[in-house]
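As given, the protein sequences belong to chains A and B, one line each in that order. Take 1 as the starting number for the first sequence in the numbering used here and just add one per residue. Take 1 as the starting number for the second sequence in the numbering used here and just add one per residue. We put the CB at the ideal spot given by N, CA and C, even for glycine.
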Amino acid sequence: MTRLADTRERYVAAFRTFAGNGAAGAPAWLKEMREAAIARFAELGFPTTKQEEWRFTSVAPIAETAFTLSRGRDTAHVTAQQLEPLCVGGLRAVRVVFVDGAFAPSLSAVAGLSRGVRAESLAAALERDPELARQHLARYAPYQASPFAALNTAFLCDGAFVYVPAGVEFDRPIELVFVATAGDEPTVSHPRSLVVVERGARATVVESYVALADGVYWTNAVTEVAVGDGARLELYRLQRESRQAYQVATTHAIQGRDSVLRLHPIALGGGLARHDVQTVLAGSGAELILNGFYLLHGSQHSDHHTVIDHAQPHCASHEFFNGIVGERAHGVFNGRIIVRPGAQRTDSKQTNNNLLLSTEARADSQPQLEIYADDVKCTHGSTVGPLDQTALYYLRSRGLSPETAAGMLTYGFAAEILGRMAHTELREELDRVVRARLADRSRGGRRA
Amino acid sequence: MTAKVLLEVKNLHAGIDGNEILRGVDLTVRAGEVHAIMGPNGSGKSTLAQVLAGNPAYTITTGSAQFLGKDLTALKPEERARDGLFLAFQYPVAIRGITNAYFLRSALNAIRKSRGQEELGPVEFMDGLEEKLKLIGWDDSYVSRPVNDGFSGGEKKRNEILQLAVLEPKLAILDETDSGLDIDALKTVAHTVDKLRRPDSATVLVTHYYRILTHIMPDYVHVLSGGRIVKSGGKDLALELEEKGYDWVRDKAPVA
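So this is what it looks like as structure tokens:
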């Protein structure tokens with residue numbers, strides 16, 4: 001017990017240092033929020049596998065590692081040449097880049113923004129226009145409930161800020177790149193991002209986590225998303241942290257009336273990764289597509305916990321998560337759907353399909369439906385299993401070798417998810433990334 | 001003058017999970033011929049089709065099957081396909097995420113490659129596909145859909161015939177392709193199969209019903225019952241079966 005208490009003390013002490021210098025210039029409301037958040041973290045501490053929400057994922061390795069807060073002051077040593085191959089947004093993309101949590105203006109490309117669209121560092125937004133950020137910040141990600149959100153809020157300093165004003169249809173992808181340099185000693189960064197797409201606006205945003213090197217570090221990210229009435233947001237999330245890295249992240253979204261949010265989280269990286277997606281359909285007629293994919297090998301552990309909250313009637317949520325789990329990896333999916341009293345005519349569908357590529361691979365899939373309305377359509381289904389022998393035979397009977405057939409079936413698990421991505425260039429780029437990762441895996445498999 | 005023998009099956013015994021289903025099948029198929037294999041449910045029709053295609057779930061206990069002079073039983077399913085054997089499945093399998101176009105091109109290229117032919121790029125392939133799609137009355141929306149995923153029963157059957165058209169096998173075995181099709185779909189499918197016939201290829205129609213044979217005239221009709229061919233004849237036999245049912249031939253089955 002003393003050890004756990006020590007880990008809390010470590011973060012509280014780090015917070016005192018943080019609050020005492022670099023973060024001292026923040027507005028009073030933000031300082032208060034940070035104080036409240038670190039106090040909440042001190043109460044909660046790190047979760048254990050005895051807690052239902054963390055049953056399959058032990059964060060003990062994170063709690064036990066003495067991470068130091070990433071300074072991220074020196075972003076100059078990362079070059080555009082290093083960054084370029086890790087970007088997926090294409091030539092037209094607006095790009096906002098962070099190195100170890102700190103905004104890197106020289107790597108960013110924010111020229112040509114117009115009609116009030118903003119894509120910048122949250123720190124800059126807080127300085128320039130604190131009221132705009134304040135309207136949304138920490139409104140959707142309640143740090144009271146989660147020690148990780150509490151830590152992120154306590155150390156809230158920088159991250160991305162995307163703002164698309166009412167009625168503006170912005171067609172260039174906005175790419176947010178979080179680069180980890182993975183130095184010699186383990187560091188932690190707490191990127192905090194805010195994506196606001198106002199009433200009737202449209203945007204495509206890519207949130208991408210990449211590493212320049214292998215190494216132990218921890219990314220503790222929180223992203224808050226507000227989609228206004230009648231707005232449309234296509235949000236891609238690509239997680240390619242180092243294979244030794246830890247990532248704990250939450251995406252909190254709130255949707256207004258008749259809005260459309262299409263959220264595509266892809267998890268390929270990290271030794272231990274946890275991504276929580278919590279969305280609230282807060283206006284009637286809202287539509288959510290949550291279309292995710294994980295590809296794991298080695299001893300990777302990846303956990304997705306999603307909560308879709310139907311708070312209003314006539315909303316639709318379609319959730320698809322596919323997992324490919326190879327070698328000794330472990331995939332976890334927990335999908336909770338809440339239909340609140342009065343949320344009639346809810347149309348909700350959830351599927352989670354897991355493909356196990358080895359006998360040691362493991363996947364746990366748990367749907368949880370909580371329905372408090374009576375006129376709803378809710379379906380869910382999940383599968384966990386190896387390649388379908390009948391399908392393999394079918395493909396072989398058309399002349400394909402067993403290896404090609406297996407590769408095609410495996411890729412199909414990813415392609416099914418990729419096929420739902422509306423932005424052609426991004427889809428093709430992500431397809432390339434996934435194919436390369438699958439090819440890596442099968443090469444590794446042959447070596448082993 | 002006799003045409004080239006494509007398939008020669010002799011005294012074939014095979015089964016699944018230790019149950020013998022085929023109990024001595026003899027069948028010779030020559031280039032240019034259409035054979036119909038008819039029989040009641042459970043007579044072993046689908047087993048024969050699956051065994052010839054190389055379904056690993058089935059075991060051959062005795063007998064032989066030669067395809068183009070090669071021992072078929074020594075070949076893997078993909079080798080049989082590359083040599084020109086094609087089975088239209090009774091229950092086609094859905095392949096999630098993989099488009100029909102990609103699947104068809106991969107299959108065609110695997111076969112071309114094994115024959116030392118150049119592989120086709122996406123554009124060349126699509127050019128050739130247009131005409132095949134027309135044959136079965138499809139527009140190209142079907143080729144960008146995942147293979148059989150969300151297809152109706154009839155669409156799946158048509159998709160098998162599209163594969164047949166693209167892969168141009170020497171021997172096509174159609175396992176109950178007619179069942180589950182409405183009259184119009186049956187006509188289209190049957191006419192397509194008929195159009196795809198070549199002097200150097202043969203077709204084996206495995207069917208429970210007479211009606212497909214009104215569109216594709218068989219040269220030979222065989223009745224399979226109890227795992228063997230109990231009667232063979234010309235197209236008139238099919239008509240006789242249509243009128244009298246299977247009981248009269250079943251009764252003629254030699255006692256094992």
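Taking all protein chains in view, the Cβ of A/Glu-32 is surrounded by fewer than 16 other Cβ atoms within 10 Å, so the residue is classified as exposed.
If you draw a 10 Å sphere on the C-beta of B/Asn-41, you find fewer than 16 other C-beta atoms in it, and that means exposed. Around the Cβ of A/Ala-221, a 10 Å sphere holds 16 or more other Cβ atoms; the residue is buried. Each of A/Gly-323, A/Ala-373, A/Arg-328 was checked against the Cα of A/Thr-351, and the nearest Cα belongs to A/Gly-323. Taking 8 Å as the upper bound for CB-CB distance, B/Ile-216 and B/Val-34 are in contact here, some 6 Å apart.
For A/Thr-181 and A/Ser-208, the gap between their C-alpha atoms comes out near 14 Å. CA-to-CA, the gap between A/Leu-212 and B/Asn-159 works out to about 46 Å. Taking 8 Å as the CB threshold, B/Ser-201 stays off the interface with chain A. For A/Gly-292 against A/Ile-417, the beta-carbon gap comes to about 7 Å, under 8 Å, which counts as contact. Among the CB atoms of chain A, one or more fall inside 8 Å of the CB of B/Ser-106.
In the DSSP assignment, B/Pro-218 falls outside any alpha helix (DSSP H) and carries neither an H nor an E. The C-alpha of A/Val-196 is placed about 19 Å away from the C-alpha of A/Leu-238.
When DSSP assignments are scanned along the region 329-382 of chain A, the uninterrupted stretches of beta strand (DSSP E) that are 3 or more residues long and fall wholly within it turn out to be 330-339, 347-356, 362-371. Inter-segment contact for the region 103-123 of chain A and the region 148-163 of chain A is present: three or more beta-carbon pairs are separated by less than 8 Å. For B/Leu-133, the closest C-alpha among the options B/Asn-55, B/Thr-61, B/Val-189, B/Gly-234 is that of B/Val-189. Between the region 57-68 of chain B and the region 145-158 of chain B, the count of C-beta pairs closer than 8 Å stays below three; the two stretches do not touch. Shown in chain order are the members of the region 401-422 of chain A whose Cβ falls below 9 Å from a Cβ of chain B: Ser-401, Pro-402, Thr-404, Ala-405, Met-408, Leu-409, Tyr-411, Gly-412, Phe-413, Ala-414, Ala-415, Glu-416, Ile-417, Leu-418, Gly-419. Distances from the CA of A/Thr-359 to each of A/His-330, A/Ser-58, A/Glu-43 were compared; the closest alpha carbon is that of A/His-330.
Taking C-alpha positions only, A/Thr-187 is separated from A/Thr-153 by approximately 17 Å.
With respect to the 8 Å criterion, A/Ala-76 and A/Ser-108 are not classified as neighbours on the basis of their beta carbons.
One thing to note: B/Gly-15 has its Cβ no nearer than 8 Å to the Cβ of B/Arg-228. Put simply, the CB of B/Leu-27 is far from chain A, with every gap to its CB atoms at 8 Å or more.
Between A/Gly-326 and chain B, the shortest Cβ-Cβ separation is not below 8 Å. Straight-line measurement puts the Cα of A/Val-177 at about 5 Å from the Cα of A/Val-97.
For A/Ala-37, the three-state secondary structure derived from DSSP is helix. Proximity to A/Glu-425 across A/Phe-18, A/Val-88, A/Gln-82 peaks at A/Val-88, based on C-alpha coordinates. Beta bridge pairing from DSSP links A/Gln-278 with A/His-252, A/Val-307. The beta carbon of A/Ala-406 is closer than 7 Å to those of Leu-387, Leu-392 in its chain, skipping five residues each way along the sequence.
For B/Ile-98, the closest Cβ of chain A is nearer than 8 Å.
Distance from B/Leu-7 to B/Phe-67 at the Cβ level is roughly 6 Å; contact confirmed, criterion being Cβ atoms closer than 8 Å. By DSSP's assignment, B/Asn-159 forms no beta bridge with any residue. Distance check between A/Val-227 and each of A/Ala-203, A/Val-216, A/Ala-245 places A/Ala-203 closest, using alpha-carbon atoms only.
A/Val-179 sits close to A/Val-210, with the two beta carbons spaced by under 8 Å.
Between the region 115-127 of chain B and the region 199-212 of chain B there are fewer than three C-beta pairs closer than 8 Å, too few to call the two in contact. B/Gln-163 belongs to the set of residues whose beta carbon lies under 8 Å from a beta carbon in chain A. Rounded to the nearest angstrom, the gap between the Cα atoms of B/Ala-94 and A/Leu-44 is 48 Å.
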